[in-house]
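Worksheet: the structure to be examined is printed underneath.
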Amino acid sequence: MNRRRIISCCFALSLLAMALTLGVVAHAQTPAAAAPAATAPAPPPTPADAELKDAAGKAPSPMDMQKGDPGGTITGTISDVPAADSKAGVTLPDVANQVGQNKIAANFIWTLVTGFLVMFMQAGFAMVESGLCRVKNANHTYMMNFFVYTCGLFAYWILGFAIQMGGAAGNGNLGGLATLSTEHTVSILGKTWGLFGGSGMFLVGHTYDVGVMVIFLFEMVFMDTALTIVTGACAERWKFLAFTVSSIVMGAITYPLYGNWAWGGGWLSQLGSNVGLGKGYCDFAGSGVVHAVGGVTALAVSMIIGPRIGKYNRDGSSNTILGHDISAVLIGCFILAFGWFGFNPGSTLGASAAGNLRIGTIAVDTMLAGCTGTIGAILYMWAFKGKPDASMSGNGLLAGLVHHRLDRWCAGLLQLRVRGECDEGRRSSRRHLGARHLRSLGRALRGSPG
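Position 55, counted from 1, in the sequence shown is what the working numbering calls 55; the numbers after and before it change by one each time, with no gaps.
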């Protein structure tokens, strides 16, 4: 037994020695793990990074913010700048990106708010037009002004915006609008001329973009203003269906086409670059695109449908058909004057950078234009009719606003009289079309693009 135990112990020791030997050999044959590569040293912090970290260290703590900030001195600090890397903290690129976004955000806010003001002008147009018509037609006129917003918007959303602004990429105020990049063109004598846009139908696909939505809202309310000019000229004598069809066609095709030629990269705006005619066609706030298109359309439609019964006598002389509510007319004119602060200053499409601080100058100029237009109309009626006229005073205010800028002094004196049997009792074509042409003439004589 002792001998067997001794043999078993020796055999076990032999196996253990063999296992240890094989383990050592295997360990010796295993290549040593490569030493980790030396990491590149982090770039030294720049003075700007050091200043940003110092500012972050001095930012108000949550305990400070919990105490309240009645003076507004600790609200809005470096703590409100989002950092791309929370471990690294706020860096110079983070600050630069925030500055760029703040600029675009300020321009978005300005353009949207001014667009809201222009939309509110619809109430002013409804009051002016309905107040100047007879009481039996007041409800019909109000309904046209209500529905023109809906059908015009619908037509512009489906097709009109794409025709007008589908190729209008490049506006730096609103982020570039790079998705509006399709303009249908024609080549004549080696020059490319824009005809109409092609991006933006239904605002889907790549045009579902924050900047595109802003410019859509702003351009839509301008389009709707042009449509409302026609409802005023033709009130009291066209059927609701005819008005609806006319508004849809104008909102989807005729207005957007001219808008593209002037504002959307079309051929009128290219007259400068293609044939050297200065800066091409320039229309800052729609004196041509909105008021001339609306005025021409109003004049044409009112001539087609003819005058109101009782407007003209057999000898060709005309009779005055009085409105039923002059108070509504004057209140409507005040609403329109308020909305015009969106029309003119808002046409900068921004309030930050690129010279957009001139919005204050444009706003004051707009006020003076309405003021002098009113004074001119009152003095004209006082001198030639013996006393001021309330409705003409309101029309003088609106003519001055249409005709804003340096030519404002003569805006209220303009009286465009259409010969023949053309009856447009709201004086829409005279006010918008006539004042627009006088403004364009003054702009051309000054050599001013805006």
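No residue lacks a Cβ here, since even glycine has one placed at the ideal position from N, Cα and C. All values reported here derive from a predicted model rather than from experimental measurement.
| request: Just confirm the distance between the C-beta atoms of M143 and T225, as a whole number of angstroms; I'd bet it's less than 8 Å. | output: The Cβ separation is near 18 Å, so there is no contact.
| Can you tell me the Cα-Cα spacing of M392 and G288, whole angstroms? | 23 Å
| field | Residues that DSSP places opposite H184 in a beta bridge | value | F196
| Same chain only: Cβ atoms within 7 Å of G200, ignoring 5 sequence neighbours per side | F161, A162, M165, G166, L180, T207 and V212
| task | Express the C-alpha separation of S246 and G259 in angstroms, rounding to a whole number. | result | 17 Å
| For G124, does the three-state DSSP call read helix, strand or coil? | helix
| request: Measure the beta-carbon distance from V135 to H324 and round it to whole angstroms, keeping in mind my assumption that it falls under 8 Å. | output: 4 Å
| query | Counting Cβ pairs closer than 8 Å, one from the stretch 360-378 and one from the stretch 339-349, do we hit at least three? | reply | yes
| request: Starting from G373, follow the alpha helix (DSSP H) in both directions and report where the run begins and ends. | output: I359 to K385
| At what residues does the alpha helix (DSSP H) containing Q270 begin and finish? | Looking at the DSSP string, Q270 is not in any alpha helix (DSSP H), and its letter there is neither H nor E.
| Counting along the chain, where does the alpha helix (DSSP H) carrying W157 start and finish? | Note, W157: premise wrong, no alpha helix (DSSP H); not H, not E.
| query | To the nearest angstrom, how far is it from the Cα of M63 to the Cα of D69? | reply | 12 Å
| query | How would you call E51, buried or exposed, if buried means at least 16 neighbouring beta carbons within 10 angstroms? | reply | exposed
| Mind pulling the alpha helix (DSSP H) runs of 4 or more residues that sit fully within the stretch 316-346? | 326-343
| field | Collapsed DSSP secondary structure at G176 in the structure displayed | value | strand
| query | DSSP three-state call for N145: helix, strand or coil? | reply | helix
| request: Tell whether a beta-carbon distance below 9 Å holds between H291 and I331. | output: no
| Where Y208 falls: helix, strand or coil (DSSP) | coil
| Which residues bound the alpha helix (DSSP H) around P62? | P62 to Q66
| message | So, at 6 Å on beta carbons, what are the nonlocal neighbours of A75 in its own chain, with the 5 sequence-adjacent residues on each side left out? | response | The identity of residue 75 in the sequence shown is Thr, whereas the question assumes Ala. D69, listed in sequence order.
| said: Just to confirm my understanding: we take I378, look at its own chain, exclude 5 residues before and 5 after, and list those with CB closer than 6 Å. What are they? | reply: P388 and S393
| message | At the level of alpha carbons, what is the spacing between L257 and A168? | response | 13 Å
| message | With distance defined between alpha-carbon atoms, name the residue in Y312, N102 and L159 nearest to N173. | response | N102
| request: Measuring alpha carbon to alpha carbon, tell me which of D209, F196, I188 and F334 ends up nearest T182. | output: F196
| request: Just the C-alpha distance for K53 and G370, rounded to the nearest angstrom, thanks. | output: 53 Å
| query | Between the stretch 141-159 and the stretch 230-246, are three or more C-beta pairs nearer than 8 Å? | reply | yes
| said: Considering only heavy atoms of the ligand ZN, does any lie closer than 8 Å to the CB of Q101? | reply: As far as ligands go, the structure on display features none, and thus does not contain the ligand ZN.
| query | Between L132 and G294, is the Cβ-Cβ spacing less than 9 Å? | reply | no
| Is Y281 helix, strand or coil by DSSP? | coil
| task | Could you work out which residue in L189, D209, H184 and W193 is closest to G176 when comparing CA atoms only? | result | D209
| field | Inter-residue Cα distance where the pair is L398 and L336 | value | 8 Å
| task | State the DSSP-derived secondary structure class of N274, mapped to helix, strand or coil. | result | helix
| field | Cα-Cα separation, A390 to I362 | value | 27 Å
| N-terminal and C-terminal residue of the alpha helix (DSSP H) that K58 is part of | P47 to K58
| task | From the DSSP output, in three-state form, read off K191 for me. | result | strand
| Distance between beta carbons of S352 and A106, contact taken as under 8 Å | 4 Å
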